[in-house]
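To start, the structure itself, in structure tokens.
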Amino acid sequence: MLETIWMYLKVFVVGGILCMIGQFLMLKTKMNAARILVGYVTLGVILGAVGLYPPLVTFAGAGATIPLLGFGNSLAKGVLEAVAEKGLLGAFTGGLTATAAGVAAAVFFGYLFAIVCTPKMKV
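If you count the sequence shown from 1, you need to add 1414 to reach the working numbering.
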């Protein structure tokens, strides 16, 4: 029971820190959400390439794999595996293959919420 609570706490803290950094960047710099998104995905690729991301995943679980850093790391891992298997063509197909489930879920749920919710214009 305590192990489960400890894991939930680590997931919450690490995921919260990642969100807090993104929010801080939006409030204190001229970076918009799109630039932060690209920066987080790129940082996930870099951290995975230098071997720092797997220990973070081991420590924080979903707190590290669900945010954008995890998506970038999954893209990079998919590319590396596909290049090893298929050669140069894998550089173009591996990332999409590795993240297909997440992309499909985002499209499906985005479409579902677009049907269910009523949009409002910002004033």
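We treat Cβ as the ideally placed atom computed from N, Cα and C, and that holds for glycine. Please read all numbers here as calculations on a predicted model, not as lab measurements.
> If we count Cβ pairs, one from each stretch, closer than 8 Å, do we get three or more for the region 1476 to 1495 versus the region 1448 to 1463?
Replying inline: yes
> Got a sec, what are the start and stop residues for the alpha helix (DSSP H) G1436 sits in?
Replying inline: Run containing G1436: 1416 to 1442, per the alpha helix (DSSP H) assignment.
>> Any contact between the region 1463 to 1475 and the region 1422 to 1441? By contact I mean 3 or more CB pairs, one from each, below 8 Å.
In response: yes
>> Would P1481 and L1432 qualify as a contact pair, given that the criterion is a beta-carbon distance under 8 Å?
In response: yes
>> So, with DSSP's three-state summary, where would you put P1468?
In response: helix
> When the Cβ atoms of the region 1436 to 1453 are set against those of the region 1492 to 1506, are three or more pairs found closer than 8 Å?
Replying inline: Taking a cut-off of 8 Å on C-beta distances, the region 1436 to 1453 does not touch the region 1492 to 1506, as fewer than three cross pairs fall below it.
> If we call anything under 8 Å between Cβ atoms a contact, is A1498 one with A1463?
Replying inline: No, Cβ-Cβ distance for A1498 and A1463 is not below 8 Å.
> In three-state terms, what does DSSP make of K1534?
Replying inline: Here K1534 sits in coil by DSSP.
> Where do the ends of the alpha helix (DSSP H) carrying I1460 lie?
Replying inline: 1447 to 1463
> Where are the alpha helix (DSSP H) runs, 4 residues long or more, that stay fully inside the region 1465 to 1505, in chain order?
Replying inline: 1467 to 1474, 1476 to 1479, 1482 to 1500
>> As a quick exercise: from I1450, L1461, F1527, pick the residue whose alpha carbon is nearest that of M1434.
In response: I1450
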